[in-house]
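**Q** Take a look at the following structure, please.
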Amino acid sequence: MIQGRGQVAKPQRPCYNRGVTIKQPSPDWTIPQDWGHYTPTDHRVWDHLFDRQTRLLPGRVAPEFLDGLKRLDLTRPGVPDFARLNERLMALTGWQVVAVPGLVPDDVFFTHLANRRFPAGNFIRRPDQLDYLQEPDVFHDVFGHVPLLANPVFADYLEAYGKGGLRALDHGAMHKLARLYWYTVEFGLIRSGDGLAIYGAGIVSSHGETLFALDSDSPNRIGWGLERLLRTPYRIDDFQQSYFVIDSFEELLTTTLETDFGPLYHRLEGAADIPIDAILPDDRVFSRGTQSHVAAERQPA
Ligand code: HBI
Ligand code: FE
Numbered sequence: 050m051i052q053g054r055g056q057v058a059k060p061q062r063p064c065y066n067r068g069v070t071i072k073q074p075s076p077d078w079t080i081p082q083d084w085g086h087y088t089p090t091d092h093r094v095w096d097h098l099f100d101r102q103t104r105l106l107p108g109r110v111a112p113e114f115l116d117g118l119k120r121l122d123l124t125r126p127g128v129p130d131f132a133r134l135n136e137r138l139m140a141l142t143g144w145q146v147v148a149v150p151g152l153v154p155d156d157v158f159f160t161h162l163a164n165r166r167f168p169a170g171n172f173i174r175r176p177d178q179l180d181y182l183q184e185p186d187v188f189h190d191v192f193g194h195v196p197l198l199a200n201p202v203f204a205d206y207l208e209a210y211g212k213g214g215l216r217a218l219d220h221g222a223m224h225k226l227a228r229l230y231w232y233t234v235e236f237g238l239i240r241s242g243d244g245l246a247i248y249g250a251g252i253v254s255s256h257g258e259t260l261f262a263l264d265s266d267s268p269n270r271i272g273w274g275l276e277r278l279l280r281t282p283y284r285i286d287d288f289q290q291s292y293f294v295i296d297s298f299e300e301l302l303t304t305t306l307e308t309d310f311g312p313l314y315h316r317l318e319g320a321a322d323i324p325i326d327a328i329l330p331d332d333r334v335f336s337r338g339t340q341s342h343v344a345a346e347r348q349p350a
């Protein structure tokens, strides 16, 4: 359990995990990782997913991600022991990983991020769920999210996002700010040399989406803008129809820190959402998608 800054004390609310409603296990929703409970099958699932992704990622992922994997010693086999991982992570950027049973309420999630704690699911998917899982498990959360937390700039961005999330809750603007998280932290692309690379955890932890996000002619790839993202809905049930491209993590951090979100939310209340696959006249277009993936899905063979 986690001691210290930013304890969350809220009335008990239900939390959905693997199809089951679970009880709030502690004031801040953290639980012991209990590393010893992982079975040999659990470790084999981790190793399988890990090998598959690390074979695919070089040349496709932002170099900061691979650097983080190495510096955090995540290349050793088996589900990582958070205590060991946290020693390295804490020394590099002051972040910690804490175990949670599954999705936690928004205010709890943001309070953790605002205090440089990343909540990670402590369960791992079953061998028959390698490619699709609704809930974030330890592979998505630790392999997908934690390597970039070893990068000081990205680490500061996620803390700033958590603080912004708590303010967004006060403004009733959570569903808008969630779009920034989705299109950066989960599904972001970044310019790399002459081309693009992935950095979003939802992509880097997925074999299929790693290929789709970079190589498919179906999705749009568009230069990001804060307001642009806040106005664009997203889908959680399939590959993205639009990916947004940042120039650098510094740009993401600086823009987030320098924007006064209060007036922006106020202005956006009157603005219509942008259709999920639209390209606007002033978008910086890296590639205009055919959306053939979506068309194929709507037309059963
Ligand atoms: N809980 N464990 C967990 N992981 C998440 O990514 C998460 C969450 N609760 C809320 C939440 N995400 C969303 O509000 C963010 O995606 C914005
Ligand atoms: Fe995630």
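Just so you know, we're using this note's numbering here: the sequence shown kicks off at 50 and counts up by one. All C-beta atoms, glycine included, are put in the ideal place defined by N, C-alpha and C.
Please state whether DSSP places Leu-238 in a helix, a strand or coil.
**A** Here residue 238 corresponds to residue number 189 of the sequence shown, with the count starting at 1. In the structure shown, Leu-238 falls within a strand segment according to DSSP collapsed to helix, strand and coil.
**Q** How close, in whole Å, do the beta carbons of Tyr-206 and Thr-305 come, if the pair is a contact with beta carbons under 8 Å?
**A** Within the sequence shown, residue 206 is the residue found at index 157, counting from 1. Within the sequence shown, residue 305 is the residue found at index 256, counting from 1. Contact holds; Cβ gap of about 6 Å.
**Q** Can you tell which of Leu-229, Phe-114 and Pro-268 has its C-alpha closest to the C-alpha of Ser-341?
**A** To locate residue 341, count along the sequence shown from 1; it is residue 292. Nearest C-alpha to Ser-341: Pro-268.
**Q** Quick one: give me the first and last residue of the alpha helix (DSSP H) that Gln-102 is part of.
**A** Indexing the sequence shown from 1 puts residue 102 at position 53. Run containing Gln-102: 89–105, per the alpha helix (DSSP H) assignment.
**Q** Keeping to the same chain, check which residues put their C-beta closer than 7 Å to that of Phe-158; ignore five residues upstream and five downstream.
**A** Position 109 of the sequence shown, counted from the start, is the residue given in the question as residue 158. Same-chain partners within the cutoff: Pro-168.
**Q** Straight-line CA distance for Phe-261 to Ile-247?
**A** Walking along the sequence shown from the start, residue 261 turns up at place 212. Walking along the sequence shown from the start, residue 247 turns up at place 198. Going from the Cα of Phe-261 to the Cα of Ile-247 covers about 11 Å.
**Q** Considering only DSSP beta bridges, list what Tyr-292 is partnered with.
**A** To locate residue 292, count along the sequence shown from 1; it is residue 243. Bridge partners of Tyr-292: Arg-270.
**Q** Among Phe-298, Pro-312 and Ser-291, which has the Cα closest to the Cα of Val-343?
**A** Taking the sequence shown and counting its residues from 1, the one referred to as residue 343 is at position 294. For the residues Phe-298, Pro-312 and Ser-291, the minimum Cα distance to Val-343 belongs to Ser-291.
**Q** Using only CA atoms, which one of Arg-280, Phe-335, Leu-197 and Ile-285 lies nearest to Leu-317?
**A** To locate residue 317, count along the sequence shown from 1; it is residue 268. When each option's Cα is compared against that of Leu-317, the closest is Arg-280.
**Q** Quick check on Gly-244: does DSSP put it in helix, strand or coil?
**A** Your numbering for residue 244 matches position 195 in the sequence shown. In this structure, Gly-244 counts as strand in the three-state DSSP scheme.
**Q** Among the residues of its own chain, which have a CB less than 7 Å from the CB of Glu-208, if the five just before and after it don't count?
**A** Translated into the one-based positions of the sequence shown, residue 208 becomes position 159. For Glu-208, where only same-chain residues beyond five positions count, the Cβ hits under 7 Å are Leu-162, Ala-163 and Arg-165.
**Q** Beta carbon of Tyr-35: closer than 7 Å to some heavy atom of the ligand HBI?
**A** Residue 35 lies beyond the range of the chain shown here (50 to 350); nothing can be said about it.
**Q** Is any heavy atom of the ligand FE found at a distance shorter than 7 Å from the C-beta of His-220?
**A** Stepping through the sequence shown from its first residue, residue 220 is reached at position 171. Placement of the Cβ of His-220 at a distance of 7 Å or more from every heavy atom of the ligand FE is found.
**Q** Using a Cβ-Cβ cutoff of less than 6 Å, which residues in the same chain neighbour Gly-211 once the five nearest sequence positions on both sides are dropped?
**A** As a working mapping, residue 211 is identified with position 162 in the sequence shown. For Gly-211, where only same-chain residues beyond five positions count, the Cβ hits under 6 Å are Phe-159, Leu-162 and Ala-163.
**Q** Ordered along the chain, which non-local residues of its own chain (more than five positions away) have a Cβ less than 8 Å from that of Asp-326?
**A** Here residue 326 refers to the residue found at position 277 of the sequence shown. Cβ neighbours of Asp-326 beyond the five flanking positions: Asn-269, Gln-290, Ser-291, Gly-338, Gln-340 and Val-343.
**Q** Is the beta carbon of Glu-235 less than 8 Å from the beta carbon of Gly-249?
**A** Here residue 235 is taken as the residue at index 186 of the sequence shown, counted from 1. Here residue 249 is taken as the residue at index 200 of the sequence shown, counted from 1. Yes; because the gap between Cβ atoms is below 8 Å, this pair is in contact.
**Q** Expressed to the nearest angstrom, what Euclidean distance is found between the alpha-carbon atoms of Gln-102 and Arg-174?
**A** Position 53 of the sequence shown holds residue 102. Position 125 of the sequence shown holds residue 174. Each residue's Cα considered, the two are about 16 Å apart.
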